[in-house]
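A.B. asks:
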Amino acid sequence: MSRPILEVIALTPQDAQAAESGGADRLELVTDMAADGLTPSVEDFARIRAAVGIPLRVMLRIRDGFAPGDLDELCARAGALRAEGAEEFVLGFLDAAGAVDLAATTAVAEAIAGCRWTFHRAIDHSADRAALRAAVGALPGLDTFLTSGAAAGVDAGREVLAAELARAGGPGYTQRILIGGGLRAEHLEELRAEGFDAFHVGGAVRADGWRTPVDEAKVAEWRALIDA
């Protein structure tokens, strides 16, 4: 049985090193958490990549909200990051009605062809998550959905998460479920018992939210709980 995944949000090389030392398996790289995480600069990506040896998934999001914004700019940013060595990404877009923006999502997926990627928590804000999964499920490289099951977080989304895990392997449900968004340490025992094996944290491994860097000891605590 493979080890459960612990993914940690990193904004700086210091975050990345602390997360790696604490036992994180993978990092999600972002900037500007005031906007819930935007695409980092190529320079920041390069500095973080040089600082650690674990896999990095880079956010492709250039504006607050789930609309894609300038698609040409977004694809250009993706291309520049790929040229610098980025191999894994995080993305996902909705239209004004809350449906998946399939054209935008497909265009960005094509810009990172050959790379693995996560469809992020836009799924939790979509009008119809089953329709979203069906629409994007066959896009090349998509191997993960980052989700809490509901826009309000894990507490509100537990039944949805369980139902989606039960459908694992079916059309639109072949991707790994990476649980994040309102995730707390006290959720882990039950989630692990239900069969979930991938977890995503950000503020939970910082001493005082986003104002402070990743705390290696807090990451280690999460690692131990996940592996218990």
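Numbering (full-length UniProt numbering), first residue to last: 1 to 228.
Each residue gets a CB set at the ideal place from its N, CA and C atoms; glycine is no exception.
From a predicted model like this one, the values you see are computed outputs, not experimental measurements.
If you follow the alpha helix (DSSP H) that L139 is part of, which residue opens it and which one closes it?
C.D. replies: Position 139 of the sequence shown holds residue 139. Careful: L139 lies outside any alpha helix (DSSP H) and carries neither H nor E.
A.B. asks: According to DSSP, which residues form a beta bridge with G209?
C.D. replies: Here residue 209 is taken as the residue at index 209 of the sequence shown, counted from 1. A207.
A.B. asks: Looking at E88: is its Cβ nearer than 8 Å to the Cβ of R57?
C.D. replies: Residue 88 sits at position 88 when you count from the first residue of the sequence shown. Residue 57 sits at position 57 when you count from the first residue of the sequence shown. Yes; because the gap between Cβ atoms is below 8 Å, this pair is in contact.
A.B. asks: Check this for me: beta carbons of M59 and L29, under 8 Å apart or not?
C.D. replies: Start at 1 with the first residue of the sequence shown, and residue 59 comes out as number 59. Start at 1 with the first residue of the sequence shown, and residue 29 comes out as number 29. The answer is yes: Cβ separation under 8 Å.
A.B. asks: Would you tell me roughly how many angstroms separate the C-alpha atoms of R63 and R47, rounded to the nearest one?
C.D. replies: By 1-based counting over the sequence shown, the position of residue 63 is 63. By 1-based counting over the sequence shown, the position of residue 47 is 47. Distance between the alpha carbons of R63 and R47 is about 23 Å.
A.B. asks: Assuming F66 contacts L94 (C-beta within less than 8 Å), just tell me the rounded distance between them.
C.D. replies: As a position in the sequence shown, residue 66 is number 66, starting the count at 1. As a position in the sequence shown, residue 94 is number 94, starting the count at 1. Confirmed, about 4 Å.
A.B. asks: Do A220 and G98 have their CB atoms nearer than 8 Å?
C.D. replies: Indexing the sequence shown from 1 puts residue 220 at position 220. Indexing the sequence shown from 1 puts residue 98 at position 98. Their beta carbons are not under 8 Å apart, which means A220 does not touch G98 by this criterion.
A.B. asks: How close, in whole Å, do the beta carbons of V90 and S126 come, if the pair is a contact with beta carbons under 8 Å?
C.D. replies: Within the sequence shown, residue 90 is the residue found at index 90, counting from 1. Within the sequence shown, residue 126 is the residue found at index 126, counting from 1. Going by Cβ atoms, the distance from V90 to S126 rounds to 16 Å, so no, they are not a contact pair.
A.B. asks: Tell me which residue opens and which closes the alpha helix (DSSP H) that residue 229 is part of.
C.D. replies: Here the chain covers residues 1 to 228 and nothing more, so residue 229 does not appear.
A.B. asks: From what residue to what residue does the alpha helix (DSSP H) around I5 run?
C.D. replies: Against the sequence shown, residue 5 aligns to sequence position 5. First-last for I5: I5 to A10, but that is the beta strand (DSSP E), not the alpha helix (DSSP H).
A.B. asks: Using a 10 Å radius around the Cβ and a threshold of 16 neighbouring Cβ atoms, would you call P40 buried or exposed?
C.D. replies: Position 40 of the sequence shown holds residue 40. Classification of P40: buried, given that the 10 Å Cβ count is 16 or more.
A.B. asks: Is D143 closer than 8 Å to I5 when the C-beta atoms are compared?
C.D. replies: Position 5 of the sequence shown holds residue 5. Position 143 of the sequence shown holds residue 143. Not in contact: I5 and D143 (Cβ atoms no closer than 8 Å).
A.B. asks: In the region 71-121, which residue ranges form an unbroken alpha helix (DSSP H) of at least 4 residues, counting only runs that do not cross its ends?
C.D. replies: 71-84 and 102-111
A.B. asks: So what does DSSP say about R223, is it helix, strand or coil?
C.D. replies: Stepping through the sequence shown from its first residue, residue 223 is reached at position 223. Helix at R223.
A.B. asks: By a C-beta neighbour count over all protein chains shown, 10 Å radius and 16 as the cutoff for buried, is G114 buried or exposed?
C.D. replies: Here the question's residue 114 lines up with position 114 in the sequence shown. Exposed, since its Cβ has fewer than 16 Cβ neighbours within 10 Å.
A.B. asks: Quick one: complete alpha helix (DSSP H) runs, 4+ long, within the region 41-68?
C.D. replies: 42-51
A.B. asks: Does the separation of the CB atoms of T105 and I123 fall below 8 Å?
C.D. replies: Locating residue 105 in the sequence shown gives position 105, where the first residue counts as 1. Locating residue 123 in the sequence shown gives position 123, where the first residue counts as 1. Not in contact: T105 and I123 (Cβ atoms no closer than 8 Å).
A.B. asks: DSSP has A130 in a bridge; who is on the other side?
C.D. replies: For the purposes of this step, residue 130 is taken as residue 130 along the sequence shown, with counting starting at 1. BP columns for A130 are empty, so no partner.
A.B. asks: Quick one: give me the first and last residue of the beta strand (DSSP E) that L178 is part of.
C.D. replies: Residue mapping note: residue 178 aligns to position 178 of the sequence shown, counting from 1. Residues R176 to I179.
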